[in-house]
Every structure is written in structure tokens, then in C-alpha cells.
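**Student:** Numbering (the numbering used here), first residue to last: 404 to 767.
#1: Under a three-way DSSP split, which group does residue 763 fall into?
#2: So the candidates are 493, 622, 606, 454; which of them puts its Cα closest to the Cα of residue 582?
#3: Excluding the five sequence neighbours on either side, which residues of its own chain have a C-beta within less than 6 Å of the C-beta of residue 721, listed in chain order?
#4: Looking at C-alpha atoms only, which residue of 669, 714, 529 is the closest neighbour of residue 348?
#5: Locate the beta strand (DSSP E) running through residue 405, then write down its first and last residues.
#6: Would you say the region 607-620 touches the region 467-475, given that touching needs at least three Cβ pairs under 8 Å?
#7: With a threshold of 8 Å, are at least 3 pairs of Cβ atoms found where one atom belongs to the region 553-561 and the other to the region 517-531?
#8: Give the secondary structure of residue 511 by DSSP, where H, G and I count as helix, E and B as strand, and everything else as coil.
#9: Taking contact to mean 3 or more Cβ pairs, one atom from each stretch, closer than 8 Å, check whether the region 505-515 and the region 543-551 are in contact.
#10: Taking residue 794 as the reference, give the member of 539, 504, 411, 409 with the closest Cα.
#11: What does the alpha-carbon distance come out to for the pair residue 444 and residue 654?
#12: Which ranges would you report for the beta strand (DSSP E) in the region 529-602 if only whole runs of at least 3 residues count?
#13: What span of residues does the alpha helix (DSSP H) with residue 517 cover, start to end?
#14: For residue 525, write down the residues that DSSP places opposite it in a beta bridge.
#15: What residue range is occupied by the uninterrupted beta strand (DSSP E) comprising residue 666?
#16: Using only CA atoms, which one of 712, 727, 680 lies nearest to residue 703?
#17: Apart from the five residues just before and just after residue 427, which ones in its own chain have a Cβ nearer than 7 Å to its Cβ?
#18: Where does residue 702 fall in DSSP's three states?
#19: Name the residue from 561, 578, 568 whose alpha carbon lies nearest to the alpha carbon of residue 540.
#20: Sorted by chain position, which residues of the same chain lie with C-beta nearer than 8 Å to residue 458's C-beta, five sequence neighbours on each side aside?
#21: To the nearest angstrom, how far is it from the Cα of residue 534 to the Cα of residue 552?
#22: Leaving aside the five residues before and after residue 441 along the sequence, list all residues of the same chain whose C-beta is less than 6 Å from its C-beta, in chain order.
#23: Let me make sure I understand the geometry here. Which of 531, 628, 460, 493 has the alpha-carbon closest to that of residue 567?
#24: Around the Cβ of residue 660, are there at least 16 other Cβ atoms within 10 angstroms (buried) or fewer (exposed)?
Put into C-alpha cells, the structure is as follows:
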């Protein structure tokens, strides 16, 4: 494809001064034309693409030429509405929360806040979910969503984790459609694991199979005081029982996830996970449940069995899919009015709570 970039020159005395002093050929500098190799977007052998290159290399221009209205750029969020209320009204709350969870924003307390109060990392994931909702509304699996300025406003750890979460969601089909990231950051490539890369530095396409770097967690027994780093991110009560045994998962020395264990009442030799929280910047990779399973192995080695009871869709979905968790109880729990400052809506006052028992890998 041949791309021609044109920049308007607004003539003025100062513009002419700069042109004269530095001998700038204004006519030549306002037009740039180049050939660039482009992917076959109709091919069936790809799910994720990446257009990457230095600033000013023409990434956005080639993306607009390739994707037109399918190129997602920033959209205003309502100031006086929760995040979940900013999605198309035809989407169910289950579809909205599934999209948010699949891009690594799996915090119910965050879902009910306005977009404006969220962190940059949370805002970025909300933008991703809102862009990807278009594929659910229009076109399904064949719909292409291209996202300009991908990861440009977040720190690089969040960028990598969010890229991996997105890749996981698309390849597992929990996120519909195909996705193309447009960015100046090369560091997301191995985390996004794209099927093709258009590098605007060379203007060439590379088809490749990158493998995501390994995430090595360290697990430590910790004091109850560590809970203060995680309490506000838990979707139920922020209280922690004094009798809890606490564990911390860290990645490269940075706290990532917290797990608290308590005895299972009237069940000798059994324990239950009473709290498990992954910090928002690290959500979407399955770290929380891998952490829970590692703790389960610790207890199994000491002759004890471990249960988890939860209502979060991500926890329930993981345990139902995994051979390492066995369903032991399912019940519907009414939400008590005193637990919320918001008056209950009809039909919104109950939640499904499921209990699972951990099955060590040697027994699964």
C-alpha cells in the first residue's frame, strides 16, 4: 500500500523566519509518501495483529487506511455514571462484567465507580473492554477492532500484564473478534503474542509465534498487616479474621496477590481460603488462582485439605474448568440491604455462591 501523509503549513511571518534561518524546504516537508507492506486481513490464520514503530512513522495513518471506522480511538465516558452503565444498553450485566474481567479489570468495587476516579491502568482496561464490546454487538468473531495508542498512557508493567490478559481472552474466545494493537512500544510484543507484526521502522510484515515470558511468583508467609495493601480491592468485607494464616505472592520483589487461610468449621484437617486478592495492575493472567493452588499444595503436603467459596465469576469459571477443583456446594445467597448504601433493585438482591475443594495435581 502506498501512503501519503500531508501536513498543513499555516503561513506566517515566524514560519517564514524559521524556513529562512534553517533553510527548511516547506513544500517538501509537508508531504511524505512511502510504500508499506500490509497484512491480508481476510485470512483466517490470525487473531491478533500488532502495528508498531517510532513516533511519526505513520502507524495511525496506516491503521486508518486499513481499518477505517474499525479503528478505536478515545471516547468520552459519562461523568455521572458507573463504568458498567457506560456500555451499550443491549449488553447484559453478565456480558459487561465478563468483558471487563477478560481484559484484567475484575474488581466489582471498580465496576460501580465513575471512570474519572479510576487509575490510569484501570481506565486503559475499561477502554479496551468498551472497544471490544463493539465486536460483541456487531460482527462477532470476524469483527476486527484496532486500538490506537495501545498502552501509551500506562506504566510498562501494567502494559505487559494487560497485553497478556487481552491475548489470553481473545485466544480462549471469551473475547469475540480479532484485535490489532497500534503502538510505539515494542515491549508489549512478546506479551501480546501477535500472529503478525507490521514494524513501521522497516514497513515490513513479519508472521511469527512469540511466547509470553514466564511469570515466576515467590510465596511467603506474612503478618496480618500486609492485608492493608489489598483490603480495599476485595469485593466483599475488608475485615480479616485475627486467626487467619496469611500468604503473599510477589513478582520480582513486588507484591502481587494476598491469600488468607482459616479453619473450616467442624471439619477436622480442613482449611478454607477466606480472602484472595490480586492487585488491579496484575489481574487478568490467572495469578490469583495459580497462587491459591500453590497454597493448596502446601496444605496438602501437611496432610490437610483446602476449600474455596466464592461468588466472583472469574473464580467460579476457573474452578469449574480446572480438574484441580471439585464442586462441593452451590447455593443462592440473598444480599442483605444493610450491606449496601444503594437501595436494592428488583431482581438484583441475590448472588450464586459456589464452594470447591482443591484436588492436588497428583490426584486430579
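Beta carbons: idealized from backbone N, C-alpha and C, even for Gly.
**Tutor:** Put simply:
#1: What you label residue 763 is simply residue 360 of the chain shown in a count that begins at 1. Note: residue 763 maps to coil in three-state DSSP.
#2: In the chain shown, the residue the question calls residue 582 occupies position 179. If we check each option's Cα against that of residue 582, 454 comes out closest.
#3: The residue you call residue 721 lines up with position 318 of the chain shown. Excluding sequence neighbours, residue 721 sits near 692.
#4: In the structure as shown, the chain begins at 404 and stops at 767. Residue 348 is therefore absent and cannot be evaluated.
#5: As a position in the chain shown, residue 405 is number 2, starting the count at 1. Where residue 405 is concerned, the enclosing beta strand (DSSP E) stretches over 405-409.
#6: They do not touch, by the three-pair rule.
#7: yes
#8: Position 108 of the chain shown, counting from 1, holds the residue named residue 511. Here residue 511 sits in helix by DSSP.
#9: no
#10: Not covered by the structure: residue 794. The range shown for the chain is 404 to 767.
#11: If you number the chain shown from 1, residue 444 lands on position 41. If you number the chain shown from 1, residue 654 lands on position 251. Near 37 Å, if we compare the C-alpha coordinates of residue 654 and residue 444.
#12: 547-550, 581-586, 599-602
#13: The count along the chain shown starts at 1 and reaches residue 517 at position 114. Unbroken run through residue 517: none, as it is neither H nor E.
#14: Position 122 of the chain shown, counted from the first residue, corresponds to residue 525. BP columns for residue 525 are empty, so no partner.
#15: Position 263 of the chain shown, counting from 1, holds the residue named residue 666. Its beta strand (DSSP E) spans residues 657-666.
#16: Here residue 703 corresponds to residue number 300 of the chain shown, with the count starting at 1. The option with the nearest alpha carbon to residue 703 is 727.
#17: Position 24 of the chain shown holds residue 427. Hits under 7 Å: 421.
#18: Taking the chain shown and counting its residues from 1, the one referred to as residue 702 is at position 299. In the structure shown, residue 702 sits in a helix (DSSP, three-state: H, G or I).
#19: On the chain shown, residue 540 is found 137 positions in, with the first residue counted as 1. For residue 540, the nearest C-alpha among the options comes from 578.
#20: Here residue 458 corresponds to residue number 55 of the chain shown, with the count starting at 1. Excluding residues within five positions, the ones whose Cβ falls inside 8 Å are 587.
#21: In the chain shown, residue 534 corresponds to position 131, counting from 1. In the chain shown, residue 552 corresponds to position 149, counting from 1. Their backbone Cα atoms lie some 13 Å apart in a straight line.
#22: Looking up residue 441 in the chain shown gives position 38. 404.
#23: As a first step, residue 567 is located in the chain shown; it is residue number 164 there, counting from the start. Cα-wise, what sits closest to residue 567 is 531.
#24: Numbered from 1 along the chain shown, position 257 holds the residue referred to as residue 660. Here residue 660 is buried, its C-beta having at least 16 other C-beta atoms within 10 Å.
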